[in-house]
Each structure stands twice: as C-alpha cells, then as structure tokens.
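In terms of the numbering used here, the sequence shown opens at residue 12 and continues consecutively.
Don't be surprised by glycine CBs; every beta carbon is placed ideally from N, CA and C.
For clarity, every value in this text was computed on a predicted model and none was experimentally measured.
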Amino acid sequence: MSNRSSSKRAKGSGEEMVSVALKDIANLCKRRGFIFQDSEIYGGIGSVWDYGPLGVELKNSVKSQWWKSMVYDRNDIVGLDSAILMNPEVWKASGHVGSFADMMVDCKECRKRYRIDHLKESNCPECGGDLTEPRSFNLMFKTQVGSVEGQTTDVYLRPETAQGIFVNFENILNSSRKKPPFGVAQIGKSFRNEITTGNFTFRSREFEQMEMEFFVKPGEDEEWYEYWVNARFEWYRSLGIRKENLRLREHDKDELAHYSKRCHDVEYLFPMGWSELEGIANRSDFDLTQHSKLSGRELNYLDTSTGERYVPYVIEPSGGVDRAVLAFLVDAYRKETVKGRDRVFLSIDKRLAPIKIAVLPLLKKNGEIVEMAHRLRNELGGRYRVVYDDTAAIGRLYRRQDEIGTPYCVTVDVDSLTDGKVTVRDRDTMEQERVEASRLNDYMLERLPF
Numbered sequence: 012m013s014n015r016s017s018s019k020r021a022k023g024s025g026e027e028m029v030s031v032a033l034k035d036i037a038n039l040c041k042r043r044g045f046i047f048q049d050s051e052i053y054g055g056i057g058s059v060w061d062y063g064p065l066g067v068e069l070k071n072s073v074k075s076q077w078w079k080s081m082v083y084d085r086n087d088i089v090g091l092d093s094a095i096l097m098n099p100e101v102w103k104a105s106g107h108v109g110s111f112a113d114m115m116v117d118c119k120e121c122r123k124r125y126r127i128d129h130l131k132e133s134n135c136p137e138c139g140g141d142l143t144e145p146r147s148f149n150l151m152f153k154t155q156v157g158s159v160e161g162q163t164t165d166v167y168l169r170p171e172t173a174q175g176i177f178v179n180f181e182n183i184l185n186s187s188r189k190k191p192p193f194g195v196a197q198i199g200k201s202f203r204n205e206i207t208t209g210n211f212t213f214r215s216r217e218f219e220q221m222e223m224e225f226f227v228k229p230g231e232d233e234e235w236y237e238y239w240v241n242a243r244f245e246w247y248r249s250l251g252i253r254k255e256n257l258r259l260r261e262h263d264k265d266e267l268a269h270y271s272k273r274c275h276d277v278e279y280l281f282p283m284g285w286s287e288l289e290g291i292a293n294r295s296d297f298d299l300t301q302h303s304k305l306s307g308r309e310l311n312y313l314d315t316s317t318g319e320r321y322v323p324y325v326i327e328p329s330g331g332v333d334r335a336v337l338a339f340l341v342d343a344y345r346k347e348t349v350k351g352r353d354r355v356f357l358s359i360d361k362r363l364a365p366i367k368i369a370v371l372p373l374l375k376k377n378g379e380i381v382e383m384a385h386r387l388r389n390e391l392g393g394r395y396r397v398v399y400d401d402t403a404a405i406g407r408l409y410r411r412q413d414e415i416g417t418p419y420c421v422t423v424d425v426d427s428l429t430d431g432k433v434t435v436r437d438r439d440t441m442e443q444e445r446v447e448a449s450r451l452n453d454y455m456l457e458r459l460p461f
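Have a look at this one:
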C-alpha cells in the first residue's frame, strides 16, 4: 500500500518563528550527532568540542561554500594552507607577544573570573563579592619544539591564521604571478586560551577560521573595504540566514584593534543577543611593514608598468567556522503543529544540509522493497551524502530526517515494485510527489545545488 498521502500538511497549521535557547540547540546537536563535548567520558575539557557524523558534514559544507565563493568563483584570489606552528618572531612582529592579552579580575568570594571590559559594575555580577586587582592574561598557548629536555624552543599555537598569509606574501606573489588587487584565502585551526568561555560553541579555545587577506594599492583600500563589507554580509544572506537576524556594526575608534584603520562586524542575533559572526578590517600596511622590519625582507610590490613600489594595504574578512555553523543551526530551527502534533525541523539551505537524501523502505521485511531501496541509495550516493534507514515506522523516520535538515526523503513502497515509481517528500512543505525511479538522479540534480 502506498504512503503517498500519509503526511500531508494539515490545513491551518503554521510554522512558528521560535526563539530557540542555546540549550535546545546543544541538546539537538548531541542527540542527533552534530556536536559532542570533547573527552566527555573523562568529564570533558572546557570549551573544546568534537563534531559528530552530522556535524562534520555541516562544517565541511560551510567551508566548501566559503571556499567556492572566495576562490572558485573568482580569478583574483588564491588559496593557502599554512602551518599551525610558526617561528616565534612572527608573533613579536604581529604584536601578539606584547599585547595579545586581556585584563582580568577574580571574585574573592565565588572565585569566578571576568574580563574587565565585560564588567559594568565594580563588584562580582554573580554574587556581589569584592574583586581582585586587574591582572593581564596572555591568550596564546605556549608549547616547545625539540625532544631533548633543556634544549627546547618556546613556540606558540597560532591564535589566528592571518600571519601565515603575510609571511608567505613574497612566495605567493612570485609563484602565482598575481598583482594587486588580489587575495589569499585560508581555512584552518587557531587556538586562544580564552578565560571567558561559554555559550556552547560560540567562544572556544580551539576553533577554525575562514580568513582572506586582500592586498590592494594604498588609496584604493576604502573602495575595496566597502566592497568586502557588503559582500560578506550578503554571503550569509545567500545561504539562508534571515535578514532580520543579521546586521552590520562599525567599530568605534576606541575599540579598533591596534592594526585596524576601520572594522565592521557582521553580527547575528544569537540566543544570547547580538554577537560577532565575522569581522571585516582594513589592516592598512601594518602587517607587511612589521614583518619587513623584523625579518629584514622587503615585503612590497613593484608595479612594472609604472615603476612604482609600494607596501600594499590589506582588507581582511575573518569569520569563524564554528560560529557560522552555530548561526546556521539556530537560524534554521523551526517548530510547527501538524495535525495536533509538534514538528521540529531544520529548514537549512540545501547546500549546507548534512544529508541530502534519505532512502526509506516502507516495509523492511519485504526483500524486494529493501533491495530496490539499497539500489537507489547506491545510485544517488556517488554525488550526494545519502543514507538508508529502516529502523522505525515511516512517520518517525520522516520526523528524524526533518530534525536534522534532510531536504528530501525517498520512500520505496509496494506500488514501487509494479509502477517503478517512488515517493519523494519535501522537508519544508511535506508535499509528496511520485517520481519515476529511473529519473530520480535527474530529479535531484534539478533540486540540489552544489
């Protein structure tokens, strides 16, 4: 018997724009295999997270879409994958060794620690106790290179990926034959010994960045700065983030980083309030000038057509992969009532969905149905992440796929064995369509963008 009419949307049902709490997202992430607490069986380690079977797919999709927009869709940006460990002189030149620290205070009563710039009063916001005098905490993780005790060199786990681009400026310039304006894109792990952590994956000690350094001629920097501010805002919109949950905020002069001429944040309305999703900074010529001074290598550009030599200015869009994943999860969360029952689903962009298609047999004890379902899964699986599932009744299987954001479910039923058709169900509308199994590949190609 066909199931083609078993899950029609009830008349009068309506999608609710729910205000989801972070704990609900965290629970969903653990239950469905998006994100786990690192080393959980040993009690975990604060603000370090592991991405599960669905989480790694979502994370890779976010990175893939960023890389496509930055590198594949353009002719003026190349890629780089620089090392995590760098010569410690790099961090002296960048200013991290001398100034990459937060001023902190501790509560004398409850022992909680706070950044001074996060406090609005002179007492502990938790218990009202007295606070200690401010102390400086360096945010970089220090380690050693060398295996013989007493003969090691102190190095740091990089706190940002950008410096790997700057110290390779000359190598990239000579090997790629690019000339300003051009950019270098990089995705990679960074590490910060954050004192104030929390809000699930929003602020972590180990995180992944998507950064691009765009080198321009001085005097053209403001035009390119405005371009990248708008382009980065629109990237999140293009992947489904609702406009009312995004905004641009320019930094005041007193909050600019030491290297910034200007800076805008793309902010998202997270459950804990408006917070930074990505920063776009005009770093002027600070980085290349600093590395030139300390290394003794002239990091500049010679325009052979005019004979002019100059140190390029840099426009830097810098976003966090983990924060982007969190924003996409929060923004996609939907809840509605269908036939008197609550339905929770992730209305996430199809390009980001961890699983694109679920193939479901209506009767798992029918060998012919199961065989056909496995065959369809294998045919579709070469191009997309496709799963086969027969571990529950069809209604429950639909709800499971809805909750993890799978755009399409393909159900094989008894009629499929005679008419050669399967039922394709849409995640967002719950509408169902009978499709010839022989043209299922083409059907999905029309509906699942890359």
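Judged by their CB atoms, P328 and E266 are not nearer to each other than the 8 angstroms cut-off. Here F244 is not near P192, since their CB atoms are 8 angstroms or more apart.
The criterion of a C-beta distance shorter than 8 angstroms is not satisfied by V82 and A173. In this structure, the alpha-carbon of A104 lies about 21 angstroms from that of I291. The beta carbon of D141 is closer than 8 angstroms to those of C118, K119, E120, N134 and C135 in its chain, skipping five residues each way along the sequence.
Look at L288 here: in three-state DSSP terms it is strand. Residue environment for L387: buried (at least 16 other C-beta atoms within 10 angstroms of its C-beta). The C-alpha of Y344 is placed about 34 angstroms away from the C-alpha of V425.
Residue pairing by DSSP places Y125 opposite V116 in a beta bridge. When secondary structure is reduced to three states using DSSP, Q443 falls in the strand class. Of V159, D165, P145 and G161, the smallest CA-CA separation from K153 is found for D165.
Counting only the Cα atoms, I88 lies some 21 angstroms from T315. Each of S427, V349 and T440 was checked against the Cα of V381, and the nearest Cα belongs to S427.
Rounded to whole angstroms, G318 and K190 show a C-alpha spacing of 14 angstroms.
Linking V101 to H107 through their CA atoms gives a straight-line distance of about 9 angstroms.
Note that the C-beta distance between F202 and R214 is not below 8 angstroms.
Boundaries of the alpha helix (DSSP H) harbouring Q301: F297 to S306, taken from the DSSP string. Cβ-Cβ separation between I359 and R43: approximately 13 angstroms, too far for a contact (criterion under 8 angstroms).
Taking the Cα positions, D49 is about 44 angstroms away from R445. If you draw a straight line from the Cα of F47 to the Cα of G209, it comes to about 14 angstroms.
Going by DSSP, E100 is part of no beta strand (DSSP E) but of the alpha helix (DSSP H) stretching over E100 to S105. Counted as a single uninterrupted DSSP element, the beta strand (DSSP E) harbouring A196 occupies residues F193 to F202.
Between V156 and L96, the gap from beta carbon to beta carbon is short of 8 angstroms. The C-beta distance from D333 to T212 rounds to 5 angstroms, short enough to fall under 8 angstroms. Per DSSP, reduced to three states, the secondary structure at L310 is coil, with no helix or strand assignment. In the three-state reduction of the DSSP assignment, I368 falls in the strand class, which pools E and B. Its chain contains F218, E219, Q220, M221, L288 and E289 as the residues whose beta carbon lies nearer than 8 angstroms to that of G331, once the 5 sequence neighbours on both sides are disregarded; these appear in chain order. Taking 8 angstroms as the cut-off, the beta carbon of Y279 is found closer than this to the beta carbon of N256. With a cutoff of 8 angstroms on beta-carbon distance, R396 and P365 are scored as near each other. Less than 8 angstroms separates the beta-carbon of V370 from that of Y399. Where S329 is concerned, the enclosing beta strand (DSSP E) starts and stops at Y324 to G331. The three-state secondary structure of L408, taken from DSSP, is helix. The C-alpha of L459 lies about 11 angstroms from the C-alpha of T417.
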